[in-house]
Amino acid sequence: MSPHSLLEIRDLYVSAKDKEILHGVNLNVRQGEIHSIMGPNGSGKSTLSNAIIGNPTYTTKGRILFKGRKIHLMNADKRASLGIFFAFQSPVAIPGVSLRSLIRTFLNEKRGKQSYEEFNRELESITSLIGFNRELLNKELNVKLSGGEKKMSEMLQLLMFRPELAIIDEIDSGLDIDALKRVSRAIELLSKKSGVILITHHTTLHKYIQPTQVHVLVNGAFVESGGIELADKIEREGYSAWLKKKNSG
Ligand SMILES: Nc1ncnc2c1ncn2[C@@H]1O[C@H](COP(=O)(O)OP(=O)(O)O)[C@@H](O)[C@H]1O
Ligand SMILES: [Mg+2]
Numbered sequence: 012m013s014p015h016s017l018l019e020i021r022d023l024y025v026s027a028k029d030k031e032i033l034h035g036v037n038l039n040v041r042q043g044e045i046h047s048i049m050g051p052n053g054s055g056k057s058t059l060s061n062a063i064i065g066n067p068t069y070t071t072k073g074r075i076l077f078k079g080r081k082i083h084l085m086n087a088d089k090r091a092s093l094g095i096f097f098a099f100q101s102p103v104a105i106p107g108v109s110l111r112s113l114i115r116t117f118l119n120e121k122r123g124k125q126s127y128e129e130f131n132r133e134l135e136s137i138t139s140l141i142g143f144n145r146e147l148l149n150k151e152l153n154v155k156l157s158g159g160e161k162k163m164s165e166m167l168q169l170l171m172f173r174p175e176l177a178i179i180d181e182i183d184s185g186l187d188i189d190a191l192k193r194v195s196r197a198i199e200l201l202s203k204k205s206g207v208i209l210i211t212h213h214t215t216l217h218k219y220i221q222p223t224q225v226h227v228l229v230n231g232a233f234v235e236s237g238g239i240e241l242a243d244k245i246e247r248e249g250y251s252a253w254l255k256k257k258n259s260g
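Our numbering applies: residue 12 is where the sequence shown begins, and numbers increase by one.
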């Protein structure tokens with residue numbers, strides 16, 4: 012037991028449509044830590060994220076504690092209001108709402124009304140930090156955007172919201188290398204005051220973001236945890252070692 016955990020997952024089983032996808036997962040994330048979750052396609056990475064944020068499509072058994080509170084008993088809105096943000100693998104479009112107004116509305120609700128000058132200063136500073144295309148700020152959210160632009164839009168929201176726990180699903184898919192470098196630097200800055208769960212199936216990302224721990228998820232269970240050397244091993248050998256063990260055992 013770790014009293015200073017931000018997120019503590021204990022013996023978590025997750026199912027969708029009567030199919031068990033995660034089979035007893037444990038994870039501990041503290042403030043200031045970046046945890047990378049790696050695993051082959053279909054291993055359950057996005058399912059884990061959805062279970063943490065409370066997506067009602069998934070049913071869970073086990074405990075998910077956020078700052079000691081039993082969030083597995085709370086709905087998704089409540090969990091988000093406590094400070095958990097999920098940057099989706101495939102962000103959704105919201106016609107009629109601009110990115111700028113979405114961020115402003117959210118921040119007004121969360122922190123109380125901020126002056127326009129103050130809000131714009133903060134937005135400008137993060138826009139520059141990640142090299143976000145300013146034209147997109149006043150466009151409808153994720154409507155007619157490329158995959159990479161949608162990802163950047165999610166990253167901008169994440170950095171403006173500054174959640175205590177950020178779950179980021181495959182940022183490296185769809186971002187060009189310059190954007191990836193800038194976003195990575197911004198995530199490292201965010202992580203000083205937050206906990207971060209990074210989901211990726213490529214190791215390229217670790218050139219730019221130094222994870223505290225790397226966890227390997229195969230067939231709905233963590234099979235190994237370690238440092239960056241684990242990601243290097245995956246880069247060389249793929250997931251075959253764990254898949255073989257599973258098949259032969
Ligand atoms: N809502 C759902 N209904 C049924 N099966 C699902 C659902 N979500 C995920 N799955 C299944 O669970 C497994 C893990 O999916 P997912 O968590 O998306 O994997 P990953 O993100 O690691 O690629 C896959 O076999 C997928 O088809
Ligand atoms: Mg996924």
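Ideal placement from N, C-alpha and C gives every residue a C-beta, glycine not left out. Quantities reported herein were computed from a predicted structural model and do not represent experimental measurements.
DSSP state of residue i mapped onto helix, strand, coil
i	result
residue 74	strand
residue 207	strand
residue 186	coil
residue 152	strand
residue 69	coil
residue 14	Confidence in residue 14 is poor, its pLDDT being 47 and thus under 50, which makes the residue's placement too unreliable to answer from.
residue 212	coil
residue 37	strand
residue 179	strand
residue 99	coil
residue 173	coil
residue 235	strand
residue 49	strand
residue 139	helix
residue 88	helix
Neighbourhood of residue i by C-beta distance below 6 Å, restricted to the same chain and skipping five residues each side
i	result
residue 213	183
residue 232	34
residue 175	94 and 205
residue 40	17, 18, 46 and 206
Within 9 Å, strictly: CB atoms of residue i and residue j
i	j	result
residue 6	residue 32	A query on residue 6 cannot be resolved here, the shown segment of the chain reaching from 12 to 260 and no further.
residue 69	residue 27	yes
residue 208	residue 15	no
residue 151	residue 107	yes
residue 96	residue 115	no
residue 149	residue 92	no
residue 57	residue 230	no
residue 210	residue 180	yes
Proximal residues to residue i (C-beta, below 7 Å), its chain only, five neighbours per side dropped
i	result
residue 234	227 and 253
residue 203	43
Distance cut-off 8 Å: residue i Cβ against heavy atoms of ligand 1
i	result
residue 59	yes
residue 54	yes
residue 185	no
residue 27	yes
residue 249	no
heavy atom of ligand 2 below 8 Å from residue i C-beta
i	result
residue 180	yes
residue 210	yes
8 Å Cβ shell around residue i - same chain, five flanking residues per side excluded
i	result
residue 173	201, 204 and 205
residue 111	134, 148 and 149
residue 236	224, 225, 226 and 227
**Request:** Specify whether the region 190 to 201 and the region 134 to 150 touch according to this definition: at least 3 beta carbon pairs, one from each stretch, less than 8 Å apart.
**Result:** yes
**Asked** Do the region 245 to 252 and the region 71 to 90 touch if we need at least three Cβ pairs shorter than 8 Å?
**Response** no
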